[in-house]
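Structure record follows, encoded as structure tokens.
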Amino acid sequence: MNETREIYRNFPFLMQIAFYVIAFATIGFFVYGFYLRIRKYKKGRDAGRMNNVLGRFMKAAAIMGKNSTVFKRDAYAGAAHWMIFWGFVFLLIGTAIVALDHDFLRLLGYHLLEGDFYLVFSFVLDIFGVLFLIGLLMMMFRRAKKLPKLDYTRNDLKPEQYNRKGYSTDDKIFLWLLFLIGLTGFFIEGLRISADNMPAFEMWSPVGWVIASSINSVGLAESANSLHVYSWWFHAVMVMFFIAYIPYSKAMHMLVDYANLMFKDDMAAKKLPKVAEEMLDAGMGYKKVEDFTWKELLDFDSCTKCGRCHDVCPARNAGTALSPRDLILDLRTYVDSSIGSPEWFKQEFVNGKNDSKEIAGGVISKDVLWSCTTCMACVEVCPVGIEHLTSIVNLRRSLVDEGNMEDMLQDTLMNIGDYGNSFGQSERNRAAWTKELDFKIKDVRKEEAEYLWFVGDYASYDQRIQGLSRHVAKILNKIGVDYGIMYEGEKNSGNDVRRVGEEGLYEMLVEDNLAVMQKSKFKKIFSTDPHSYNTIKNEYPEFGGDFEIEHYTGLLLRLVKEGKIKFTKKLNYKVTYHDPCYLGRYNGEVDAPRELLTMMGIELIDMPRCKENSFCCGAGGGRIWMDDSKVQERPSEIRIREALTLGEEVTHFVVACPKDYAMFTDAVKTSGNEGKMEVKDIIQLVEEAMGE
Amino acid sequence: MNIIVAIKQVPDLVEGLEIDSSGKDLDREWLKFKLNEFDDHALEEALVLKEETGATVTAIALNADGIDKILFTAAAKGADRIISVTGDFGDVVSSHEAASALASVISQLDHDIVMTGVQAVDDRDGQLAVLLAHHLKMPHVSVVTGVKVNGSSATITKEYGGGMVAEFEAELPVVLGIQAASQTPRYVPVAKVRQIMRSASIEEIAAGGDSAGAGSSVSRFFKPESGGGAQMIEGSAADQAGKIVELLKEKGIK
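Here it is, written out as structure tokens:
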């Protein structure tokens, strides 16, 4: 007996023709929707992402193959998605082989699907079909649990002002359609095996075999032949609908998200783009749809509403108007209503939010834009490579361009412009904190030193932090590290000025700092400020500042390993460590501070959200220069409460960022937890362990 | 409609002020200058009127080191013309000299409203607007906190002491000393200032008129001297509180 199966089993010729007519119409539908998408992306500006296309393709393929970004911190969703993904891929390949075999090779006199190949083919497809259904069931179960991150309720609008039923309809159609397609597929197989009188080799289709046996046992064997035709058509119509539905629905994520992962920039958010030359005449921010790059337009379409960014965003957790998910979806809705889109399932606004002429300050409200702390948690967690932050900063730029900002921020920017620091103090006082030292720190503008210490605004001017700066200076001095500072030659590094959207001021600060740095004599830079560290490391090179820079925790660790710093006192503390956004998430530096703490004999107990998944203190992106009275619950207080869940024995909350020290010493008090946990900069512990 | 805004730079109080060896002026070596805050409000009010009526705004200042940046910033904010008045000005220009020099140029320009800050930290005499009105022979209102233009006249809000506010009607042209603009002076992004510096140019017009002296001159410049009568209480917070209580008892306060 020949192991194979008949395609179009018992189909009259006209029925076959009917199928091809429907199939071609479906493909037409698909191609048209696909074309509409491409047409949309072509309206975007050049994104400069067409380099190394093959490398990008392979990299995205690796991510997709492993589903690594979906697995990250959500193993359940990852496993379910993996099964659906690979189930779908194998069933798609299987169907493609059938089409190739029947519609092409057969005409040339070949037949692929017979014998051993057919048996293996049947077996593999059955297995992946089962995985496919299990994955879908898991997802259905997950949806039924009503997870907060899958809730489409908005923070910023009242329920009567918007309608997102389209989104949930789309979710249901997508899930149920795939599930029914998978299920009916198995039924067709079972009916065919039953109608063929159970040929033994069909045991290689184990699921089909079991279903066939069940059909026989309930006495339906007689009708299997006719039921097979009906269920075949039922299955086929759903498949056709699905194919046509892809470019008009969330199913498009299968294609768009591959592209988005492929064109994602690993430096996204860490290194912000300059204002594009072609836009300069109209000011510096995004003002119209055509200002977005095609990658950004792709970002908006890539969102699958998985809610991970919504879940991690400190601004959202603090109860502000911002949800990164809603920001991206609102931009999608706006772009679609402006340049047309094939989307069937949209959100609707009752209050005309989308009719606003302005994007920044209208379609996306000022409150939303100014709430962002630029902590980058959204970009880091997004499984499909959306770069929320770039859009936020580009929209902030247009607010700044119009002077559309609160007074406190405006004053701060003017201070930075006038005096080079956010405190509005004289430039000449930048190094005033060194006066209390009984030695003089080298001035790298005049004397050569191995290290340039980029101190930063907070560590220079904030009275709470100046003491910490002196601790650093004393320790380095004691062990003979050759370092210097730029004194009043140093200005605000610009990291947060850039993230506020004041690009012109940022460039001025970079030029001023670089002018001094390039004339100074040093080999390497270290910074106590993760914000300065980020921009000098990732952004200054584009302006001609190519320096080697490290964070002071890295420097301290090396000094310990080289034996220059000796820990003579074992510290029997249990502490937790807060990863600064700009150190851990932005730059992946999570080990050095932990290793340092461990070497002091300290027991480190991490908070649930740590390392790359750290929870922002709420100060970044210029938020520290803005009024936080609209915040329902300060991110810094949320964080302190998180640390307190670790238990009473955790006595210290260790930080490695001046802004963190200021934010968390405040938060311990304002959250009513004074005395329960002490905020310490890592340098204070280093000093203690050195027996000072 | 044409609005002329007279602006000037004043020493930045963020820097520590020192008195020079003559004892009659600040030590100017380390001084940093910035736009007089009240002039910033005058400029803002002019720009608000420009937005409402389409007026042409001209910012005018006496030439001085660093005035270019201030004029360019005014242009970046929206001033249509920027004029630097050239002449032989000393480090300290009295309101009389300034008014005379400015009026000699303003009188050559079309003007419906002339505005300036009601006062400046470096002269504290609040006379510039008054003197400009005198030279230009125009009506004048000072300590202005709002201006509305209706055709050929303006409704002007003036602030009095004790929380009283008055509304004036004035036929244009008029000279106004601005206390506060109707909104916070706007922020101008650095990129815009830099772009204006490349594209715009400052008109230079020589000052005419007689250089009327100030009529008064500085005889001594000094930091406030303590007049005695104050007693500093030293010690910890608890000690200080204790001493305060003792003192109060001593003075018969129970």
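Residue numbers (this note's numbering), protein chains in the order written: chain A, 284 to 975; chain B, 3 to 256.
From the three backbone atoms N, C-alpha and C, an ideal C-beta is built for every residue, glycine too.
None of the values given here were measured: they were computed from a predicted structure.
Output yes if chain B places a C-beta closer than 8 angstroms to the C-beta of residue i; else output no.
i, result
"S681 of chain A", "no"
"Y359 of chain A", "no"
"Q749 of chain A", "no"
"D862 of chain A", "no"
"M688 of chain A", "yes"
"M697 of chain A", "yes"
"D795 of chain A", "no"
"Q630 of chain A", "no"
"G904 of chain A", "no"
"E561 of chain A", "no"
"M909 of chain A", "no"
"D574 of chain A", "no"
"D701 of chain A", "yes"
Going by beta carbon distance, what residues of the same chain come within less than 8 angstroms of residue i, once the five residues before and after it are set aside?
i, result
"N334 of chain A", "none"
"S451 of chain A", "Y435"
If we cut at 8 angstroms on Cβ distances, does residue i have a partner in chain A?
i, result
"Y189 of chain B", "yes"
"T118 of chain B", "no"
"A193 of chain B", "yes"
"R30 of chain B", "no"
"V225 of chain B", "A quick correction: the sequence has Lys, not Val, at residue 225 of chain B. With 8 angstroms as the cut-off, K225 of chain B does not count as an interface residue toward chain A."
"K36 of chain B", "yes"
"R200 of chain B", "no"
"V123 of chain B", "no"
"A44 of chain B", "no"
"R196 of chain B", "yes"
"P13 of chain B", "no"
"V16 of chain B", "yes"
"T60 of chain B", "no"
"T157 of chain B", "no"
"T55 of chain B", "no"
Is the beta carbon of residue j closer than 8 angstroms to that of residue i?
i, j, result
"G211 of chain B", "A135 of chain B", "no"
"V116 of chain B", "V177 of chain B", "yes"
"A660 of chain A", "V595 of chain A", "yes"
"E961 of chain A", "K857 of chain A", "no"
"A939 of chain A", "D964 of chain A", "yes"
"M521 of chain A", "T467 of chain A", "yes"
"K747 of chain A", "T948 of chain A", "Here residue 747 of chain A is Arg; the residue named in the question, Lys, does not match the sequence. Yes."
"A48 of chain B", "I108 of chain B", "no"
"D582 of chain A", "I611 of chain A", "yes"
"G703 of chain A", "M567 of chain A", "no"
"E895 of chain A", "V914 of chain A", "no"
"P813 of chain A", "L866 of chain A", "yes"
"S803 of chain A", "V16 of chain B", "no"
"L73 of chain B", "A63 of chain B", "yes"
"F400 of chain A", "F371 of chain A", "no"
"V683 of chain A", "E785 of chain A", "yes"
Name the one or two DSSP bridge partners that residue i has.
i, result
"Q11 of chain B", "B:L37"
"G92 of chain B", "According to DSSP, which records beta bridges pairwise, G92 of chain B is partnered with nothing at all."
"S155 of chain B", "B:N152, B:E173"
"L735 of chain A", "A:G767, A:I808"
"A343 of chain A", "DSSP lists no partner for A343 of chain A."
Leaving aside the five residues before and after residue i along the sequence, list all residues of the same chain whose C-beta is less than 7 angstroms from its C-beta, in chain order.
i, result
"T881 of chain A", "L887"
"S405 of chain A", "W487, S488"
"D14 of chain B", "K34, F35, K36"
"R292 of chain A", "R475, H511"
"G449 of chain A", "F628, K629, Q630"
Apart from the five residues on each side of it in sequence, which residues of its chain come closer than 6 angstroms, Cβ to Cβ, to residue i?
i, result
"G328 of chain A", "According to the sequence provided, residue 328 of chain A is Arg. The question's Gly does not apply to it. The answer, listed in chain order, is T576."
"M284 of chain A", "Because M284 of chain A sits at a pLDDT of 49, beneath the cut-off of 50, its placement in the model cannot be relied upon, and the following sentence gives the value as read from the coordinates. So the list is empty, once near-sequence residues are dropped."
"L692 of chain A", "W908, M909"
Against chain D, does residue i count as a neighbour if the rule is that its beta carbon must be under 8 angstroms from one of theirs?
i, result
"T147 of chain B", "The displayed structure is made up of protein chains A and B, and chain D is not among them."
- Message: Any contact between the stretch 172-186 of chain B and the stretch 147-157 of chain B? By contact I mean 3 or more CB pairs, one from each, below 8 angstroms.
- Response: yes
- Query: Okay, do the stretch 592-607 of chain A and the stretch 429-438 of chain A touch, 3+ Cβ pairs below 8 angstroms being the bar?
  - Reply: Output reads yes: the stretch 429-438 of chain A touches the stretch 592-607 of chain A.
- Message: Between the stretch 708-725 of chain A and the stretch 751-763 of chain A, can you find at least three pairs of beta-carbon atoms closer than 8 angstroms?
- Response: These segments touch.
- Taking three-plus beta-carbon pairs below 8 angstroms as touching, is the stretch 691-702 of chain A in contact with the stretch 385-399 of chain A? Contact between the stretch 691-702 of chain A and the stretch 385-399 of chain A is not established, with fewer than three Cβ pairs separated by less than 8 angstroms.
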